[in-house]
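Residue numbers (this note's numbering): 4 to 403.
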């Protein structure tokens, strides 16, 4: 039986670094099967496209943690629980649709293209620092010096975070970026315990400016439908969506090109191919490993497999990619995303910003440095994040 404890596969942290092997193994057996995570928690991966689509639309699999408090394995939620539960990704329809309608409306006021000069100036500033370190003979960690700070500075500027408060915000956000789904509530509770967004929202309410957060605050004050908790959660969601997706795209894009020298030469020779390369990075190294975690509020049957009430379910998004192969940039047609992958990637708010940041960040890096090689003693390690796995360090040698 797929869900029996006796034959429940036990995952180790290497699953985060190489999820495809397990997904293909489980996909060949059953559409859903209980596994034991490395922390002892049980979960049910759904690994086939048809069943993934079914699971994502099944009302018995809920994202709304408020109605699941008696089912969740966490014992304490803290006083800011309502704010955490207002997080858009934890809402089911029609609440999810209501929040999605208002947040993109604010985004529409300022085209993503309008932030291109900001991305370029931030990238150039960071690359200047990298050039100084490289000239001194230092190994450069592209994660800490480029892939991580660039998106956070961009989204902070988009939201209108004053430069003096940037570091305070970063300290509260970073714990979320290395969280597993098993501790995400604890991480959010910690991050919001002394929330810098409260004070920032108060500033925007008193003195609105030409930024995205002011647009959201104005919508709230103007009788629109965001409560204060929803407003804070929407801002947090925009930070995470605009940060995580971009960080993943930049560092995996660079790492993929370094591992495919012929493709790197092709992009260097014709920078216009970079937009195609970014699409291939998103397809082959999809930033999202699993969709937002669901829990069964009642017994559900997915693909003929019965999943009891109170079980953690995660839908494997790579299951919809099909053949996992790298396609040469600009040669032939790439495999199309199907089912849940296409739906989630196309609807993710962060992807719109990430595409532009990825093109600019990788393009500027290749333009500035003609030689980029992995450091000999480099050990690339994946961060402990089930939903969006990534690198902790990416040490390289660079030279003009």
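Ideal placement from N, C-alpha and C gives every residue a C-beta, glycine not left out.
{"Query": "Beta-bridge partners of residue 312, as assigned by DSSP", "Result": "DSSP, once it has assigned bridges, lists no residue as partnering residue 312."}
{"Query": "Residue span of the alpha helix (DSSP H) that contains residue 267, given as start and end", "Result": "264–272"}
{"Query": "Given 8 Å, three or more beta-carbon pairs between the stretch 275–285 and the stretch 297–317", "Result": "no"}
{"Query": "Same chain, Cβ closer than 6 Å to residue 12, neighbours up to 5 away in sequence not counted", "Result": "38"}
{"Query": "As assigned by DSSP and simplified to three states, the class of residue 35", "Result": "strand"}
{"Query": "Endpoints, beta strand (DSSP E) assigned at residue 401", "Result": "398–402"}
{"Query": "Cβ separation of residue 220 and residue 234, assumed to be a contact under 8 Å, to the nearest whole Å", "Result": "7 Å"}
{"Query": "Where residue 371 falls: helix, strand or coil (DSSP)", "Result": "helix"}
{"Query": "Proximal residues to residue 402 (C-beta, below 8 Å), its chain only, five neighbours per side dropped", "Result": "137, 372, 373 and 374"}
{"Query": "Residue of 149, 286, 311 and 229 minimising C-alpha distance to residue 64", "Result": "311"}
{"Query": "Segment limits, beta strand (DSSP E) that includes residue 48", "Result": "45–49"}
{"Query": "Outcome for residue 120 when other beta-carbon atoms lying within 10 angstroms are tallied against a minimum of 16", "Result": "exposed"}
{"Query": "Proximity of residue 51 and residue 36 at Cβ, strictly below 8 Å", "Result": "no"}
{"Query": "Where residue 240 falls, given that 16 or more other Cβ within 10 Å makes a residue buried", "Result": "buried"}
{"Query": "Given residue 378 as reference, the closest of 204, 400 and 250 once Cα atoms are compared", "Result": "400"}
{"Query": "Exposed unless 16 or more other CB atoms sit within 10 angstroms - verdict on residue 116", "Result": "exposed"}
{"Query": "Distance, residue 163 Cα to residue 155 Cα", "Result": "12 Å"}
{"Query": "For residue 323, three-class secondary structure by DSSP", "Result": "Low confidence applies to residue 323: its pLDDT is 48, below 50, so where it sits in the model is not reliable enough to give any reading."}
{"Query": "Exposure label - residue 376; buried when at least 16 CB within 10 Å", "Result": "exposed"}
{"Query": "Continuous alpha helix (DSSP H) stretch holding residue 160: start and end", "Result": "152–162"}
{"Query": "Continuous alpha helix (DSSP H) stretch holding residue 2: start and end", "Result": "There is simply no residue 2 to check, as the chain begins at 4 and stops at 403 in what is shown."}
{"Query": "Proximity of residue 216 and residue 203 at Cβ, strictly below 8 Å", "Result": "yes"}
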